Structure formats: C-alpha cells, structure tokens
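Everything on this sheet refers to the single structure shown next.
The structure is reproduced here in structure tokens:
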C-alpha cells in the first residue's frame with residue numbers, strides 16, 4: 097500500500113474523470129458507491145483501479161437510488177464517502193440527496209452533466225444546474241461548485257470533502273461531459289503538502305461506548321409530525337446555510353470593473369466567455385465576465401455590484417435558462433437589460449460569445 | 038402498566054410505552070430482536086435502520102444507534118454502513134411494502150451480493166401506516182382500501198413470496214427464514230440465528246415475520262390470531278428456508 | 249345511572265361523520281351528561297379530531313385521540329389507534345365514536361372491546377347526497393348495505409357555504425326513500441344553525457332536524 | 003500558433019481518428035505545450051462518424067469546443083459532409099482522395115482543399131492498419147504542432163509494448179508517419 101496516493105506535485109495530462117478519481121484519493125476519500133452511467137463511468141473505472149492499492153473501497157449498486165443511499169450509509173459510519181452520476185441518474189439520486197439535506201449528511205456528489213430532458217445525449221449540457229442546486233423536495237440547502245477545467249475538478253473535489261465535513265451539508269462538484277471526457281493538463285498534488293488542512297470525518301452513529309449505558313443512543317430521523325416542528329428543523333438548516341455562505345461563496349471576475357457588457361456564465365462555458373473577453377478587449381471593447389464558482393450558495397452581492405455598473409448583461413449557458421433564472425433571482429432590483437444566449441445540450445464557442453456580445457455594443 | 042420486568046435491556050425505557058397500536062405485531066417482533074441483542078451483548082455494534090411505514094415508529098425504540106431512512110431505502114443505507122465499517126452489525130427493519138414493493142430492487146441485490154446485513158421484514162399483508170392499502174403480500178380476496186372488492190389475483194398477482202425469492206437468489210452463507218409472531222419461541226430462535234449469521238460474517242440474513250395488524254384488519258383478538266394462523270399460514274410457509282451448513286429449524 | 253348513549257358514526261370519505269359526532273357529543277354535554285368522544289378514524293386520522301382535541305376538551309368533552317405532536321411518523325398520515333381506545337366502553341357515561349371511512353365500514357368496531365355485545369350501541373351511517381358516491385337512492389342503498397350493520401341513517405346533505413334549503417330538502421327526500429327501501433330509520437337531518445329560522449324542526453320528509461355548528465373546517469392542518 | 007491550432011479529425015468508427023488525436027495531444031503535452039482533446043462520443047461512437055476535436059497551443063486553452071477549425075481532416079464520405087460546418091475562409095480542408103462521390107460536397111469556402119492518397123498508400127506501401135499513422139504524419143506535416151521526434155516518442159509510448167514483441171512494427175509505424183508528413187510536404 098502506497099503511503100500517499102500523490103507525493104508532492106505532478107503535472108499530468110488526463111481526462112476529467114481521471115482527475116476526479118485522483119482528487120478523491122488525494123482528499124482521503126474512503127469509499128465510493130456508484131452505478132454506471134455515461135459520461136461518469138471512468139470515475140468509477142479509475143477509482144476501482146486505484147482504490148484497492150490504497151486500502152480504499154468501492155461498491156457498485158443496483159441503481160442510483162441505492163448508490164446515493166449507500167453513500168449516505170458510508171458517511172453515517174464516519175467515512176469520507178462519495179458517488180458520481182449524470183442525467184437520469186442524477187434525477188434518481190435526488191431522493192438520497194434530499195435525505196442528506198434534511199439530515200445534514202456530508203456526502204460528496206460529483207455530477208457529470210449530460211443532455212436532457214430524459215435520456216437525451218450522453219455528451220454534454222448544463223441542464224442539470226437546477227436539479228443539482230434545487231432538486232428533491234426541499235430548499236436547495238446544498239453546496240454546489242461548478243467547475244470549468246481539470247485543474248478545478250481536482251481542486252474542488254478535494255475542497256468538496258472539506259467543505260462537506262466542515263459545514264455538514266451535502267456538497268456537489270458540478271462538472272459536465274466535456275470536462276469528464278476531454279484531456280487536458282493539470283497539476284495534481286498532495287493537498288496537505290500544499291498546506292491545505294484536511295477536515296477529519298467522524299462517525300455519526302456508533303460513537304464510542306455502549307448506547308443506553310455509557311451514553312444516550314443516537315436516534316436519527318427525517319420525519320416530523322407537526323408543521324411548527326418541521327418549520328423549526330428546516331429553519332435551523334436554513335440559518336446554518338446562511339451563516340456558512342459568506343465563508344463558502346466563490347466567484348471569479350474577468351475585466352468586470354469597467355465593463356459595459358457583462359457576460360455571465362458558469363462551468364465550462366465560462367471558458368468561452370473568458371476567451372471572448374480577451375478577444376474583445378484586444379479590439380478595445382469594454383467587455384467583462386463574471387463567473388460564480390459556487391452556484392449554491394450564490395455570490396449574490398458580488399454579482400449585483402458588477403451587474404449594476406454594466407450597461408448590458410449577456411447570460412450564456414448550455415441550457416434553456418436554468419442559470420438565467422438563478423441570475424435574475426440574485427440580481428433582483430438591478431435594472432440592467434439582460435440578453436440571453438441559450439444552447440441547451442450544446443457546447444458554446446468563443447466565436448459565438450464574441451458575436452453575441454458585439455451585438456450589445 | 039408494569040411491563041417493565043419483561044422489557045429487554047436494549048429497549049429504550051424513555052420512549053416506552055411505545056406508539057404501536059394495541060395488538061400490533063411489531064412490538065412482539067421487536068421484543069424478540071431486543072432479547073437477541075441482549076443475549077449477544079451487541080448493543081454497541083448494532084446499527085438499526087428503520088423504514089417508512091409503521092416500522093418507523095421503532096426509530097427511538099432501542100438503546101441502539103438508529104437511523105430512520107426513506108421508504109424502501111433502509112437496506113441500501115445499512116449496506117452502505119456495513120461496507121464502510123465492517124464491524125457493524127447492520128439490521129434493516131421494514132414492512133412488506135418497503136421490502137417487496139418500493140425497495141424490492143435493494144432486497145434483491147443485497148441478497149445477490151451477499152451483503153452481510155440482516156433484513157428483518159414484518160409482513161402484515163397491507164400498508165398499515167398509510168391507511169390499509171393493498172400490498173404485495175395481501176391475500177387473495179382480502180379487502181383493503183385499494184382493493185375494496187377484495188384482491189383480484191388475476192389483476193394484481195398472488196401474495197408475494199419473499200423468503201422463497203431470496204432463497205432462490207441468495208448465496209452460500211445466507212440465512213433465510215419465515216417466522217410468525219404466533220410462535221414467539223421459534224421467532225426468537227430464528228431472529229437469533231439470523232443475527233448470528235451476520236455477526237459471524239457468514240452472509241446475508243433475511244427473515245420475514247408474519248405480523249399482526251388488528252387495526253387495519255378490523256379484527257378483534259380472536260379474529261386477529263385466526264387471520265395470522267389460518268389465513269396467512271395458507272400462503273406463507275413458516276420455517277427456515279436456507280441455513281449455512283446446518284439443519285433447518287422447521 | 250340512566251341508560252348510556254353509545255353511538256358510532258360511520259360513512260363515506262368527507263360525508264360529515266366527525267362533524268356530526270362532535271356536535272352530538274357537545275349536545276349531550278349541554279344536556280348535563282358526561283361524554284367521551286373517541287377517534288376511531290384510522291384511514292385518514294390526521295384530518296379528523298386530533299387538531300381540535302384541545303379545543304373540544306376545553307368545552308368539557310373528553311376526547312380520546314392522539315395528539316398530533318405525540319405521534320412520530322404520523323406525518324405519513326398514520327393510523328395508529330390509542331391503546332385506551334380498546335377499552336373505551338368500560339368508561340362511565342355516554343360514548344360517541346367517530347369511526348371514519350374505509351372499506352370495512354362498521355367492522356372497525358371490532359377494535360373496541362365488547363362493542364358488538366354492547367346493548368346500547370347504535371351505528372349511524374352519515375350520508376351527504378352531494379357526495380358523488382352517494383347521490384342517488386340506489387347508490388345509497390348499495391353503499392349502506394356494504395357497510396355491514398347500520399342502525400340508523402343521518403342525512404347530512406350540504407354543499408358547504410353554498411348550501412341552501414333546496415339542497416337540504418332534496419337530500420332529505422332522497423335519503424328518506426333509501427331509508428324506506430333499506431328499512432333503516434332516518435335518525436335526523438343535520439343542518440347548520442343559520443338555516444334554523446327557515447327550516448324549523450322537521451325536514452320535508454318529516455325527520456327531526458339537528459342543528460350543528462361546523463368545527464371540522466379547522467382540522468385541515 | 004499564438005492562438006493555438008484547432009484541428010477537427012473525422013472518420014468512420016474504426017478508422018482510428020480518436021487514437022490519432024490521443025497520440026497527437028500526448029506528444030504536444032510532452033513537448034510542453036497546452037493541449038486539449040475532446041472526442042465526440044455517444045451514439046456515434048459505434049458505427050457512426052467519429053470526430054475528434056483537438057487544440058494545441060502555447061497558451062492556456064479556452065473553450066473545448068470551437069466553431070471553425072484551422073484544419074479539418076475528413077476520412078470518409080460521411081465525414082466530408084459532416085465536417086463542412088467547421089470550415090471557414092482560414093481552414094485547410096484535407097480529405098482522402100480515394101473517397102468516391104463527394105466532389106460536390108467539398109466545401110467551397112475553405113482556404114485550401116487538399117486531397118491526399120492515404121488510404122491507397124497504406125494499402126499499397128504499408129498495411130491498412132497504419133492508415134491512421136499516415137494521417138497523423140499529414141497533420142504534423144501541415145501544422146507543425148509537434149515535432150516528428152516527439153510524435154515518434156508518443157507512438158513509442160502508446161505502442162511500445164507491441165513493438166517489443168515485434169520490432170518490425172516500430173519501423174512500419176515510423177515509416178508510415180514519415181510518409182504522411184511527406185504526402186503534404188508541398189501542399190501548404
């Protein structure tokens with residue numbers, strides 16, 4: 097058994113799924129639960145190849161419902177547990193995800209968005225944004241990181257385990273089929289060697305001692321009897337979520353300060369927006385780009401600040417308005433006109449964003 | 038009520054008297070389980086999971102760490118715990134709806150994988166907690182809220198044979214049996230063997246227990262026992278179906 | 249001690265069983281009698297007496313029902329009956345049983361120890377002609393036969409706030425015809441208090457009118 | 003090269019376009035360049051047109067998808083039709099001259115259209131299986147995205163285990179690569 101999955105740092109050229117599996121290892125994940133679905137499969141493939149060498153475990157379940165619930169079981173026993181899914185699998189997994197939300201189970205979910213609705217394509221989309229942020233019968237009390245590159249898949253998968261266990265919210269890495277399947281370079285590292293403090297997991301059931309003798313038995317539930325009782329339970333979670341938000345929120349800005357046109361995009365689409373900003377700035381046009389990295393919680397104040405200053409906003413996404421809705425909710429009160437460029441289930445290129453942005457100048 | 042002397046040590050006194058209906062089969066079953074937990078002295082190793090349905094009323098029943106899950110999802114939660122922590126004695130407690138309908142895929146696959154957990158299922162021929170609807174185990178002709186003219190097997194199939202199915206798909210090392218609350222001594226013996234089987238790490242354990250629901254059967258005491266002993270026994274054969282390397286308890 | 253009044257109210261979903269049971273219990277109480285009101289509705293109990301238990305107790309009726317707060321998991325509606333209910337007939341005084349609906353009808357009374365041996369027990373079927381399942385004479389006849397033992401019929405025909413005298417009288421007529429066919433008497437027609445001035449003491453079929461106050465509109469939470 | 007080279011490689015499933023793309027980006031990465039490769043997988047993975055999108059650059063690469071390619075290489079009739087949308091006035095459009103019935107489907111707006119006899123060369127001079135290595139040579143020859151030496155090293159890395167069993171294979175592959183470079187020598 098190797099001492100550490102990754103010693104020091106190394107530059108590699110791999111697929112995103114590979115990067116995610118390595119990141120889970122580097123984060124000290126103990127067990128993965130999963131069910132095959134494209135484009136997520138290689139996370140399991142790499143994990144099952146790597147895990148036994150490091151004393152880690154894997155369980156292939158009968159469906160995504162089970163993958164989610166077994167994953168929660170792993171967390172209950174105090175292990176860093178995760179699962180990964182996509183599309184229809186994400187739909188099925190909402191049930192365990194909502195239990196995680198209610199019971200504050202710090203499970204980590206990696207989502208590799210594919211086309212939707214229904215079976216659709218196995219390729220790519222940003223159509224699981226609403227589902228991942230607000231799925232299930234609940235309030236979206238989840239932490240969602242929307243990544244744009246392999247480096248981020250690696251960084252934020254590690255971070256997801258820490259955030260989850262620190263704040264006890266289910267935490268999501270929202271990637272997509274492009275990121276899963278493409279190859280590009282990144283630097284893998286041992287997070288501790290970089291000075292990243294790794295949050296230790298702890299058992300949620302089976303704490304030391306004999307229940308009823310040395311300590312009280314742990315009785316966990318997600319069922320409530322009364323409206324007011326549930327209200328209190330939910331508001332406790334809401335308040336914790338609000339309290340945590342300023343510490344967790346992340347975003348990136350590109351030439352936003354003096355931007356007349358503010359391009360809004362998340363995930364891999366942000367790369368097209370960044371490319372467009374670069375090109376348009378070279379042409380002397382005042383275009384900027386704001387990218388929320390956490391979609392839950394959302395960097396509301398920060399976005400509002402730039403949205404107010406801009407003369408026009410351009411929302412770009414590979415879905416039909418899922419991100420747009422989120423933007424509107426979060427900049428409520430800002431009167432800057434919004435133009436949309438929606439390509440549900442289709443990749444977006446720099447050229448397209450440039451063209452759309454130019455129409456606003 | 039002075040039932041205290043009879044209560045197993047592993048029962049949580051603070052939550053007694055329990056909330057099950059008078060005449061319900063669940064407490065009888067949970068008493069047998071409690072006694073087995075006592076006798077093996079495993080309260081600190083057990084993680085007890087309960088389903089939605091009347092089984093969820095057991096969420097604070099024991100002096101044992103307990104997780105109340107979603108309908109049908111107790112098996113995967115307990116399997117997940119067991120896979121992450123091999124020392125756990127995982128017990129998934131559910132009704133016939135949770136085990137044979139909404140959670141059947143989990144039962145089938147946990148059995149097929151020979152997960153070393155104990156699935157304990159109370160069969161009372163209907164959905165008790167939602168108001169007495171038809172379940173996979175409802176007897177032919179039995180009236181329920183969703184089979185108001187009696188279960189029509191042509192349209193809805195015959196009573197589900199759970200242990201028989203698990204026997205067919207389970208692996209070497211699995212323990213499978215059907216018990217009844219009408220025979221408490223045998224019930225306890227069977228639960229004990231099922232717990233021992235997972236405790237020893239031999240394999241999957243599955244026990245279906247014929248239970249009582251006078252509330253939804255609308256039966257008095259005499260009719261209740263007659264229903265379980267005569268009517269249910271006609272369709273559900275009591276005894277051990279699979280025992281790792283040993284003779285069966287008939 | 250005089251003869252106790254023991255009445256069980258059964259009937260179709262939302263026929264008005266609980267409403268009548270509550271009003272009957274209050275009426276008996278106002279006659280200076282000791283009354284216990286017992287919740288035997290085990291199909292949809294979350295929508296019956298539980299939420300108004302406290303209020304009724306303040307009005308002097310003993311209510312035997314779970315309090316929602318004490319019934320973990322009954323968010324799944326839950327039809328757990330209280331253990332004391334089994335022995336409710338042992339209590340002194342009058343007893344009004346709110347049985348609720350369900351395919352087994354009056355069979356639910358099996359759950360009350362000694363119910364069928366009790367010489368005072370009357371089982372009343374509550375009928376609202378405005379409900380689709382019991383809107384015609386043949387429907388009512390078939391439905392009441394299906395319930396098992398029924399000792400009397402209560403005409404509770406109404407349309408909520410839209411109830412007018414015509415609705416009530418039409419119900420009385422239909423229920424009366426069904427009653428004759430079944431050879432089961434109509435015990436009374438129940439009507440909301442504010443119709444009293446127009447309707448008087450008898451409906452068009454000659455049945456006594458029992459004036460009630462609506463409580464159950466408060467029970468939907 | 004400052005803004006990077008965008009390549010769309012398209013062929014029938016089994017023609018090996020994805021492995022060409024894979025070796026190419028591997029070589030670029032080893033050379034210290036930024037490389038990004040995204041296959042179009044999915045239903046077309048089996049029995050359909052297979053497209054590989056490759057970007058190689060000195061600088062960090064943006065969106066994995068691009069609208070227009072600097073070079074399109076189409077290796078079947080369907081691939082020729084399918085890849086037209088990636089062509090603009092700056093695109094070199096390369097196709098195999100053995101493909102029949104596509105004369106009217108070749109793009110009209112490309113910077114240059116180049117037919118190369120890779121299929122025939124593979125069959126006649128080498129072995130049909132090294133067809134894709136010839137293509138790889140052609141790509142390198144036209145773009146210079148990686149050096150010949152680096153390309154060979156990448157091939158060695160990928161197929162080295164086979165070469166060990168049969169050293170003649172190494173020579174076959176390397177010759178095929180050189181021949182591919184040669185095929186486009188005077189075309190650009």
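Residue numbers (the numbering used here), protein chains in the order written: chain A, 97 to 457; chain B, 38 to 287; chain C, 249 to 469; chain D, 3 to 190. Just so you know, even glycine gets a beta-carbon here, dropped at the ideal spot from N, CA and C. Quick caveat, the model's predicted, so the values are computed rather than measured.
- Residue-level contact check: residue 195 of chain A touches chain B, since one or more beta carbons of chain B fall below 8 Å from its beta carbon.
- The region 427–443 of chain C and the region 397–414 of chain C touch, with three or more beta-carbon pairs separated by less than 8 Å.
- Here residue 267 of chain C is buried. Its C-beta has 16 or more other C-beta atoms within 10 Å.
- Under a criterion of Cβ atoms nearer than 9 Å, the residues of chain C adjacent to residue 260 of chain B are, in order, 358.
- For the region 92–107 of chain B, the set of positions with a beta-carbon nearer than 9 Å to some beta-carbon of chain A reads 93, 96, 97, 98, 99, 100, 101, 102, 103, 104, 105, 106 and 107 in chain order.
- Comparing alpha-carbon positions, the option among D/116, D/57, D/68 and D/90 lying closest to residue 31 of chain D turns out to be D/57.
- Inclusion of residue 394 of chain A and residue 352 of chain A in the CB contact set at 8 Å is not warranted, their separation being larger than that value.
- The beta carbon of residue 130 of chain D does not come within 8 Å of any beta carbon belonging to chain A, so the residue lies off that interface.
- In the structure shown, the three-state DSSP call for residue 143 of chain A is helix.
- A Cβ of chain A is located within less than 8 Å of the beta carbon of residue 115 of chain B.
- Distance from residue 439 of chain A to residue 38 of chain D at the Cβ level is roughly 19 Å; contact not present, criterion being Cβ atoms closer than 8 Å.
- Against residue 278 of chain A, the close residues of chain D are 38, 39, 40, 41, 55 and 66, in the order they occur along the chain (beta-carbon pairs closer than 9 Å).
- The beta-carbon separation of residue 209 of chain A and residue 155 of chain A, rounded to 24 Å, does not stay under the 8 Å limit for a contact.
- When beta bridges are read from the DSSP output, residue 257 of chain C appears opposite C/346 and C/372.
- Runs of the alpha helix (DSSP H) spanning 4 or more residues and lying entirely within the region 166–220 of chain B occur at 190–193 and 199–206, in chain order.
- Contact between residue 65 of chain D and residue 367 of chain A holds, since their C-beta atoms are separated by about 5 Å, short of 8 Å.
- Going by DSSP, residue 427 of chain C is part of no beta strand (DSSP E) but of the alpha helix (DSSP H) stretching over 413–430.
- With a threshold of 8 Å between beta carbons, residue 419 of chain C makes no contact with chain B.
- Look at residue 118 of chain A here: in three-state DSSP terms it is helix.
- Annotation: residue 76 of chain B to residue 280 of chain C spans about 57 Å, alpha carbon to alpha carbon.
- Per DSSP, residue 280 of chain A is one residue of the beta strand (DSSP E) stretching across 279–285.
- A distance of 8 Å or more separates the beta carbons of residue 187 of chain A and residue 237 of chain A.
- In the assembly as shown, residue 248 of chain B is a buried residue. Its beta-carbon has 16 or more other beta-carbons within 10 Å.
- Membership of residue 230 of chain A in the alpha helix (DSSP H) is indicated by the continuous run 225–230.
- For the C-beta of residue 352 of chain C, the chain B residues within less than 7 Å are, from N- to C-terminus, 180 and 255.
- Chain B has no Cβ within less than 8 Å of the Cβ of residue 339 of chain C.
- Cβ-Cβ separation between residue 218 of chain A and residue 273 of chain A: approximately 7 Å, consistent with a contact (criterion under 8 Å).
- Taking a beta-carbon distance threshold of 8 Å, residue 126 of chain A counts as an interface residue toward chain B.
- Under the three-state reduction of DSSP output, residue 143 of chain B falls in the helix class.
- Against residue 113 of chain D, chain A offers no close residue; the least beta-carbon distance is about 17 Å (beta-carbon pairs closer than 7 Å).
- With a minimum length of 3 residues, the unbroken runs of beta strand (DSSP E) contained wholly in the region 128–207 of chain A fall at 153–156 and 177–181.
- Along the region 166–182 of chain A, the positions whose C-beta sits under 7 Å from a C-beta of chain B are 166, 167, 168, 169, 170, 172, 173, 175 and 177, read in chain order.
- Within chain A, the residues whose beta carbon sits less than 7 Å from that of residue 69 of chain D are 445, 447 and 448, listed in sequence order.
- DSSP places residue 167 of chain D within a helical segment (H, G or I) once states are collapsed to three.
- If you draw a 10 Å sphere on the C-beta of residue 310 of chain A, you find fewer than 16 other C-beta atoms in it, and that means exposed.
- Taking a beta-carbon distance threshold of 8 Å, residue 380 of chain C does not count as an interface residue toward chain B.
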